[in-house]
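Residue numbers (this note's numbering), protein chains in the order written: chain A, -13 to 186; chain B, -13 to 186.
Shown next, in the form of structure tokens:
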């Protein structure tokens, strides 16, 4: 959506994507509240005017940055909901796709996971994040109703632990080849769905 | 260890534990680098002198706070290493015990997991954290050598995902009754070791 807004005009220096990556990193490190446009301009080594060439302000930067993450996650969620098959298979598709989004949009997902609701734009972000969590919760509940998920763990907790494991990627993931990302998604799906223990 | 250092003299106002909890929360929110003793005094509503009654300075506050977390985790790791039985059972003991430490020392573990190595005291903290991770990695490698862990996921990744799930608690855990914490440790152990899927 941001690319379609006519703001990306190929100005020399930073393009919109690089600008958003640096902004996301700074918001993550300092907090959105604690980061000024002056600081961002200093970090980028450009003028504030050059930033305003791309975006209307700090809120715009936050919204565009987390939308990079959220749009990716919602695209995967829509795929999962629309695919044929059992809820547990849709859930596995969602987990694998989410790992892919984390790997390819790491700074944006990292920022998304650190947003707290101190300002209106942050609260809007949290609202979208909760909407994604509701899709996960619905699939988990359906899979449990189908008898495909262990009944001895509360579905809300199952959903939290599943995405707790997925999201923990941001702590240690190092961008690598796309084929490695696929192997990572496989490993996470195996561990999450079938556990680390060899059944005896 | 801090309690034994003679600094806790029952002065009215904040005791050492409450002081450390507030400091841990502030360091977490603002970053250790970005937090001054002045700010901490303001947040506590006491004078800096009252803080220096308990601790020698900011480094002392960080070290004591994360030691609350690390001492708990190392105590559990030592228990796990010394118990009789297979490595996989020791690993499960370590996971359950770590959940208990997270639940009972939440602000300190939260801070520990956010420490970056910008200063010498932070780097020392990361060193202790890595020593804990090595204990986990050793138990995972032993359990895999015993044939008790799935061989199709790299042991280093197994260790990361396992504690990724455990540590994700800090995002949503709300302190409750101790019996609920035990149920939580059970749920996490089940999900981590045996997966969320019902075998067919």
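We treat Cβ as the ideally placed atom computed from N, Cα and C, and that holds for glycine.
{"query": "8 Å Cβ shell around residue 152 of chain A - same chain, five flanking residues per side excluded", "result": "81, 84, 85, 88, 174, 178"}
{"query": "Which residues DSSP lists as bridging residue 77 of chain A, in chain order", "result": "BP columns for residue 77 of chain A are empty, so no partner."}
{"query": "For residue 107 of chain A and residue 49 of chain A, believed in contact at Cβ under 8 Å, the rounded distance", "result": "6 Å"}
{"query": "Continuous alpha helix (DSSP H) stretch holding residue 151 of chain A: start and end", "result": "141 to 153"}
{"query": "Residue 136 of chain A: contacting residues in chain B (beta-carbon distance under 9 Å)", "result": "176, 177, 180, 181, 182, 183, 184"}
{"query": "Environment of residue 72 of chain A [buried if 16+ CB atoms lie within 10 Å]", "result": "exposed"}
{"query": "Cα-Cα separation, residue 180 of chain A to residue 94 of chain B", "result": "32 Å"}
{"query": "Partners in chain B for residue 74 of chain A, counting only beta-carbon separations shorter than 7 Å", "result": "183"}
{"query": "Among A:59, A:22, A:29, nearest to residue 201 of chain A - alpha-carbon criterion", "result": "In this structure chain A extends from -13 to 186, so residue 201 of chain A is not present and cannot be described."}
{"query": "Neighbour flag for residue 157 of chain B against chain A, beta carbons, 8 Å", "result": "yes"}
{"query": "Spatial distance of residue 100 of chain B from residue 167 of chain B (CA atoms)", "result": "23 Å"}
{"query": "Neighbour flag for residue 51 of chain A against chain B, beta carbons, 8 Å", "result": "no"}
{"query": "First and last residue of the uninterrupted alpha helix (DSSP H) at residue 65 of chain B", "result": "44 to 68"}
{"query": "Local conformation of residue 116 of chain A per DSSP, three classes", "result": "helix"}
{"query": "Residue 16 of chain B (DSSP reduced to helix, strand or coil)", "result": "helix"}
{"query": "Buried/exposed call for residue 54 of chain A, threshold 16 Cβ in 10 Å", "result": "buried"}
{"query": "Option nearest residue 158 of chain A by Cα separation, candidates B:115, B:112, B:150, B:68", "result": "B:150"}
{"query": "Within chain B, the residues that residue 131 of chain A reaches when beta carbons sit closer than 8 Å", "result": "Under the 8 Å cutoff, chain B gives no residues; its nearest Cβ is about 12 Å from residue 131 of chain A."}
{"query": "Per-residue burial, residue 65 of chain A [other beta carbons within 10 Å of its own, 16 or more giving buried]", "result": "exposed"}
{"query": "Chain-ordered neighbours of residue 173 of chain B on chain A, where CB pairs are closer than 9 Å", "result": "138, 139, 140, 143, 144, 147"}
{"query": "Residue-level contact to chain B via CB, residue 167 of chain A, 8 Å cutoff", "result": "no"}
{"query": "Nearest neighbour of residue 7 of chain B, chosen from B:120, B:112, B:47 [CA to CA]", "result": "B:47"}
{"query": "Counterpart residues of residue 135 of chain B in DSSP-defined beta bridges", "result": "A:183"}
{"query": "Neighbourhood of residue 156 of chain A by C-beta, 6 Å cutoff - its chain only, sequence neighbours within 5 removed", "result": "96"}
{"query": "Alpha-carbon to alpha-carbon, residue 131 of chain B and residue 138 of chain A", "result": "30 Å"}
{"query": "Neighbourhood of residue 126 of chain B by C-beta distance below 7 Å, restricted to the same chain and skipping five residues each side", "result": "77, 135, 141, 144, 145"}
{"query": "Range of the contiguous alpha helix (DSSP H) that encloses residue 96 of chain A", "result": "92 to 100"}
{"query": "Listed by chain order, chain A residues near residue 187 of chain B by CB distance under 7 Å", "result": "As shown, chain B starts at -13 and ends at 186. That puts residue 187 of chain B outside it, with no answer to give."}
{"query": "Beta-carbon proximity check, residue 5 of chain B vs residue 25 of chain B, cutoff 8 Å", "result": "no"}
{"query": "Within 8 Å, strictly: CB atoms of residue 74 of chain B and residue 183 of chain A", "result": "yes"}
{"query": "Inter-residue Cα distance where the pair is residue 36 of chain B and residue 164 of chain B", "result": "33 Å"}
{"query": "Continuous alpha helix (DSSP H) stretch holding residue 28 of chain A: start and end", "result": "23 to 30"}
{"query": "Counted within 10 angstroms of its Cβ, other Cβ atoms place residue 154 of chain A as buried (16 or more) or exposed", "result": "buried"}
{"query": "Contact with chain B by residue 150 of chain A, beta-carbon distance below 8 Å", "result": "yes"}
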